[in-house]
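The opening residue of the sequence shown carries number 0 in numbering that gives the first Met the number 0; numbering runs sequentially from there. We treat Cβ as the ideally placed atom computed from N, Cα and C, and that holds for glycine. Note that the structure is predicted; figures quoted are calculated from it, not measured. As structure tokens, the structure follows; a few thoughts come after it.
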Amino acid sequence: MIGKEFIQLYKQDPALLKPKSLSKVIYGFHPYWLSDATSSAYYYSLLTHIAYFSAEVDNSISTTGGFSTTHSWSSTQVVNYAQSCGLKVHLTIVMFSNHSNVLRIVHTGKTL
Numbered sequence: 000m001i002g003k004e005f006i007q008l009y010k011q012d013p014a015l016l017k018p019k020s021l022s023k024v025i026y027g028f029h030p031y032w033l034s035d036a037t038s039s040a041y042y043y044s045l046l047t048h049i050a051y052f053s054a055e056v057d058n059s060i061s062t063t064g065g066f067s068t069t070h071s072w073s074s075t076q077v078v079n080y081a082q083s084c085g086l087k088v089h090l091t092i093v094m095f096s097n098h099s100n101v102l103r104i105v106h107t108g109k110t111l
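Here's what the structure looks like:
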């Protein structure tokens with residue numbers, strides 16, 4: 000999210016709408032619980048990448064190492080907007096508990 004002071008500066012300076020080029024990697028971060036309407040207001044021209052939060056690793060006792068949910072990341076507007084603006088989109092993967100269930104799969108040589 001961008002601070003209010005910067006947003007005002009951005010709106011007043013049309014040169015920022017289409018910067019010539021970005022010389023650094025600049026990430027945006029979009030959590031799944033924010034609406035599509037929110038993502039339509041992002042300043043994609045000031046980013047090179049956006050990270051979508053999150054895909055949750057299935058960490059149940061019978062896990063195969065897949066995801067329990069990806070929060071429909073591939074069909075969200077933020078991904079569509081970012082790709083249409085030439086940004087790279089990264090999916091943030093999380094596992095908040097029961098790590099040993101997933102690590103057991105890695106240890107036995109099964110593919111995640």
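Could you have a look at Thr37 and say whether DSSP puts it in helix, strand or coil? Walking along the sequence shown from the start, residue 37 turns up at place 38. Residue state, collapsed to three classes: helix.
Reducing DSSP to helix, strand and coil, say where Tyr31 ends up. Taking the sequence shown and counting its residues from 1, the one referred to as residue 31 is at position 32. The three-state reading of DSSP puts Tyr31 in coil, since its state is none of H, G, I, E or B.
For Ala81, does the count of other Cβ atoms within 10 angstroms reach 16, so buried, or fall short, so exposed? Locating residue 81 in the sequence shown gives position 82, counting from the first residue. It is buried - the Cβ of Ala81 has at least 16 other Cβ atoms within 10 Å.
Whole-angstrom distance between Val56 and Phe66, CA atom to CA atom: If you number the sequence shown from 1, residue 66 lands on position 67. If you number the sequence shown from 1, residue 56 lands on position 57. Near 4 Å, if we compare the C-alpha coordinates of Val56 and Phe66.
DSSP state of Ser99, grouped into three classes? By one-based count along the sequence shown, residue 99 stands at place 100. Ser99 falls in the helix class under three-state DSSP.
First and last residue of the uninterrupted alpha helix (DSSP H) at Tyr43: Numbered from its first residue, the sequence shown carries residue 43 at position 44. For Tyr43, no alpha helix (DSSP H) segment is defined, and its DSSP state is neither H nor E.
For Val88, does the three-state DSSP call read helix, strand or coil? For the purposes of this step, residue 88 is identified with residue 89 of the sequence shown, where counting begins at 1. The three-state reading of DSSP puts Val88 in strand, counting E and B together.
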